Amino acid sequence: MILTYIEIREGKIKKSSLETLGEAARRAAELGVPAGAVVVGDGLDGVAAELLAAGAAKVFLLENAGLAAYAAPAYAAVLADLVKAASPAAVFFPATAMGKDLAPRLAARLGVAMASDCVKVEVRAGRLVFTRPIYSGKAFLTLALSSTPAVASLRPNVFTPAALTIPAEAAGSVRTAPEASAALTIPAASAGEIVKTAVGLPAGAENGRAAEIEHEAGAELDVAEAEIVVSGGRGMRAPENFALLRELAAILPKAAVGASRAAVDAGWIGHAHQVGQTGKTVSPNLYLAFGISGAIQHLAGMSSAKVIAAVNKDAEAPIFKAADYGIVGDVFQVLPALKDELQKALKE
């Protein structure tokens, strides 16, 4: 089995998790093993059928009221118990903030190796082979992990979600496993089965838990999951000018506003929007960079975008070396003109 950790936010499955599950299903088919999905939390019945339809042959629901909010040590402990009981060949995570936090904790508990932020997964001679960027995206490393299970995190927006159809009678099959306070005992599950387990809280779980979740006012689409990222840097000059980027993003489908570290450090926009080595890694279909010089730390976070278009008044800006299209000019002249042209094109 290839097991995928599924991230849930406010009762909904994150798009990056469906992408990761889709890739797990494809590689599992090549290996001739089932694809599984695991969700940790409380009140998870509503997501199980969607996961079966998205490529999972087995869905494990690990429930406890104390796990309703993400808590890294407790989540890692219950996941480790499941992995030991189910013995998957590999465990995949989406390379989101949560996935990057949880995957290495699981690998450490199991004493196995991990491949992080992978952009390609292959099967060669019956083994999983992972490709990940290194040296800030300047090169790629291809590796196979000798330990079992192979733990890997997959970069969002790189892989395609699966669109599989599961028979209704299979999707409705639910098996409840007995509560496990120490080690999990997972009953054998047939294809399309949901295995629901009441797990016990690991010792010390109360010492590391989320006390409260604060939502940003006017919360926007996460840049890591957007198909188009409209990003601004120091060249935007002031925080109020990011409104121009938001206006442009508002007329584009599945678009989010990003920023360089310089803009975030200046307090012009929140850290959740930062793209780069110390921010988020994005792989959108289109990355629009306005007033961003293109420091190597920023390029490391967006160089895997399918198309990059940049606007900068400095013709020698490094961003133009990475861009597919570039405009040397004033962003405050280009932005309104681009917005007008896009609006006309979308009306046609």
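The sequence shown begins at 100 in my numbering and counts up by one. Don't be surprised by glycine CBs; every beta carbon is placed ideally from N, CA and C. Quick caveat, the model's predicted, so the values are computed rather than measured.
Find out if the Cβ-Cβ distance for the pair residue i, residue j is shorter than 7 Å.
i: G425; j: A409; result: yes
i: A243; j: V228; result: yes
i: E324; j: S115; result: yes
i: S252; j: D216; result: yes
i: Q396; j: G366; result: no
i: A302; j: A124; result: no
i: L102; j: V190; result: yes
i: N411; j: L300; result: no
i: L351; j: G331; result: no
i: A388; j: I418; result: yes
i: L117; j: A153; result: yes
i: D141; j: A179; result: no
i: A214; j: R231; result: yes
i: E106; j: K113; result: yes
i: L347; j: K438; result: yes
i: L150; j: G291; result: no
Give me the residue from the options with the minimum Cα distance to residue i.
i: D423; options: N384, V433 and G140; result: N384
i: A155; options: A136, G165 and P172; result: A136
i: V328; options: V356, E122 and P352; result: V356
i: M382; options: K237, A362, R308 and L398; result: Before going on, a small fix: residue 382 reads as Ser here, not Met. The option with the nearest alpha carbon to S382 is L398.
i: E109; options: V132, G145, A134 and L130; result: G145
i: T380; options: D321, L181, V298 and A249; result: D321
i: R226; options: M197, Y234, R126 and T259; result: R126
i: E129; options: M100, F341, S359 and I407; result: M100
i: S359; options: L181, A134 and R336; result: R336
i: A354; options: P203, M213, Y386 and K443; result: Y386
i: A202; options: T241, V433 and A249; result: A249
i: A173; options: P338, A309 and D413; result: A309
i: T296; options: A348, L143 and I107; result: L143
i: A488; options: A238, I107, Y104 and L434; result: Here the chain comprises residues numbered 100 to 447, so residue 488 is not present and cannot be evaluated.
i: V427; options: D413, D439, L437 and A436; result: D413
i: E319; options: N340, I312 and A349; result: A349
i: E326; options: T377, I407 and E313; result: I407
i: T377; options: K446, M197 and S235; result: S235
i: T259; options: G307, P193 and E440; result: P193
i: G198; options: Y104, D429 and Q432; result: Y104
i: G165; options: V430, A436, L445 and G307; result: G307
i: A147; options: G131, P133, V132 and K111; result: K111
i: F431; options: D364, N340, E313 and T195; result: N340
Just to check my reading of the structure: residue i and residue j have Cβ atoms closer than 8 Å, yes? What is that Cβ distance to the nearest angstrom?
i: A161; j: V139; result: Here the sequence assigns Leu to residue 161, which means Ala is not the residue at that position. Going by Cβ atoms, the distance from L161 to V139 rounds to 5 Å, so yes, they are a contact pair.
i: L205; j: A175; result: 5 Å
i: V294; j: V177; result: In fact, because the Cβ distance is near 14 Å, the residues do not count as touching under 8 Å.
i: L371; j: R333; result: Residue identity differs from the one stated: residue 371 is Ala in this sequence, not Leu. Not a contact, Cβ separation roughly 19 Å.
i: G393; j: A421; result: 6 Å
i: R254; j: S403; result: 7 Å
What does DSSP give as the partner residues of residue i in its beta bridges?
i: S330; result: G357 and A388
i: P193; result: L253
i: R204; result: Looking at the DSSP assignment, R204 forms no beta bridge with any residue, so it has no partner.
i: V137; result: Y104 and F159
i: G425; result: A409
i: I395; result: None; I395 has no bridge partner.
i: A214; result: A251
i: Q373; result: A358
i: K379; result: V374
i: V430; result: V430 is not bridged to any residue.
i: I312; result: None; I312 has no bridge partner.
i: A238; result: I233
i: A127; result: The partner list for A127 (beta bridge, DSSP) is empty, contrary to what the question assumes.
i: R226; result: R223
i: A297; result: E162
i: E292; result: K157
i: I350; result: Answer is none; I350 lacks a bridge partner.
i: I112; result: I107
Does the CB of residue i have a neighbour CB from chain C at under 7 Å?
i: G154; result: Looking for chain C here will not work: only one protein chain is present.
Checklist entry - Three or more C-beta pairs closer than 8 Å, one from the segment 179–186 and one from the segment 221–238: is that the case here? => result no
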